[in-house]
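Mapping of the sequence shown onto this note's numbering: position 2 corresponds to residue 165, and the numbering continues sequentially without gaps.
See below for the structure under consideration.
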Amino acid sequence: MYPIVIQKQIENPVNPVFANHETFHPRFGWLKKGFDAANKNPGIFLQDDAPVHLGVGKNMVRAIRYWCSAFKIIDKNNYPTTFGEKLLGNNGWDSYLEDPASLWLLHWNLLKPTCEAAAWYYIFNIFRDLEFTKEDILTGLKDYIRNFNKNIAESSFVKDVNCILRMYATQDLIRDNTPIEDSIDCPFNELGLIRHFGKNYQFKIGAKANLPVQVIVATCLKYASWVSQGRETINIPSLLYDEGSPGMVFKLTENTLCEAIETVAKEFDAIILSDTAGLIQLSFTDEPKILAEKILEQYYHS
């Protein structure tokens, strides 16, 4: 179980919405398809002929719109966001999401404030068990939902939990030794964040082979810009264990985090990993948001 570290609270980190995905997890090609369609015509999702233009069913149109908004590649009015343009635009970092780094950035973007996927936020940031069953998540989620003083149908958060596990869990093999179909059709399985064995699930903690150090450090700097405003340091325990931190979102260990910072610091003089009286800190001499963008630009253009 993760320790809990007291942090400066992020204002309004979650919008308590549930089951807006129409039971569909994000599928290969959906985010690019939705982004491009919205870029050409922000009203596309409300048109009667949207299923024809997008090549999917009516419920899937609503799901694509939801996921594009939840991942913050389009805004509430269906216009491309700055992040969406940088990642998926015609000259974007990775327009067709061929690099797993982009999936990690999208995973981060889904959970960052304001998160439009409350059950996802709960499971990755509030729920602290490392090994669990679906029932464990549902029990904890019921308690979490009470914080919002909203009457949420149990069927809604059951749909969310099922969607999360399809989206992230590396599935067991079925009888004929072929993977479950849903797991093949979700790119976020590639992240390997959750293992599934029998009735149990387990977070994979520590290094991830396809998670670049640049993404780890860039998200640390973005997080620091939210919770360490005006300061040029943030301590490693906060980056590991605080709600909404890269350590929680990516399920990192201290060694993984510190090694990532040390590696990136060799390329960027503005980044320093310091140890003062036993307190390990990330220090930065540039504005953290700008520095984070520089790191990502260098990564994608190298």
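C-beta atoms are modelled at their ideal positions from N, C-alpha and C, and glycine is treated no differently.
- Under the 8 Å Cβ criterion, the stretch 364-380 counts as touching the stretch 454-464, having at least three qualifying pairs.
- Note on the stretch 309-392: whole beta strand (DSSP E) runs with a minimum of 3 residues are 357-360, 363-366, in chain order.
- For the pair E317 and K305, the Cα-to-Cα distance works out to about 8 Å.
- With a cutoff of 8 Å on beta-carbon distance, G410 and L402 are scored as near each other.
- Burial state of P276 is exposed, judged by a 10 Å Cβ sphere holding fewer than 16 other Cβ atoms.
- Between N352 and H270, the alpha-carbon positions lie close to 11 Å from each other.
- Inter-segment contact for the stretch 207-215 and the stretch 251-261 is absent: fewer than three beta-carbon pairs are separated by less than 8 Å.
- Straight-line measurement puts the Cα of C231 at about 11 Å from the Cα of N240.
- If only uninterrupted alpha helix (DSSP H) runs of at least 4 residues are considered, those enclosed by the stretch 196-254 are 213-217, 221-233, 245-251.
- Taking a 10 Å sphere around the C-beta of N288, we find 16 or more other C-beta atoms and assign the residue as buried.
- When the alpha-carbon of E417 is set against those of L384, A370, A433, the nearest one is in A370.
- Note on geometry: alpha-carbon atoms of V390 and V412 lie some 16 Å from one another.
- By the neighbour-count definition (other C-beta atoms within 10 Å, threshold 16), H184 is a buried residue.
- Restricting attention to P176, I227, N178, P179, the CA atom closest to the CA of F198 is found in I227.
- Here S258 carries a coil assignment [DSSP, helix/strand/coil].
- Note on the stretch 389-452: whole alpha helix (DSSP H) runs with a minimum of 4 residues are 399-404, 409-413, 417-428, in chain order.
- Comparing alpha-carbon positions, the option among E248, H188, K235 lying closest to K203 turns out to be E248.
- Spanning the alpha carbons of I173 and A182 requires a straight line of approximately 24 Å.
- Counting along the chain, no alpha helix (DSSP H) covers L293, and no H or E run does either.
- Scanning its chain for C-beta atoms nearer than 7 Å, with the 5 sequence neighbours on each side dropped, one finds around L293 the residues M164, Q365, F366, I368, in chain order.
- The Cβ atoms of T396 and S446 lie closer than 8 Å to each other.
- The beta-carbon distance between W283 and L274, rounded to whole angstroms, is 6 Å. This is short enough to meet the 8 Å contact definition.
- Taking K322 as the centre and dropping the five residues before and after it, the same chain places the C-beta of A182, T186 closer than 6 Å to its C-beta, in chain order.
- Bridge pairing for V177: C278 [DSSP].
- Around the beta carbon of R309, fewer than 16 other beta carbons lie within 10 angstroms, which makes this residue exposed.
- Only residues of its own chain outside the window of five on either side were considered, and among them L217, I227 have a CB closer than 7 Å to the CB of K196, listed in chain order.
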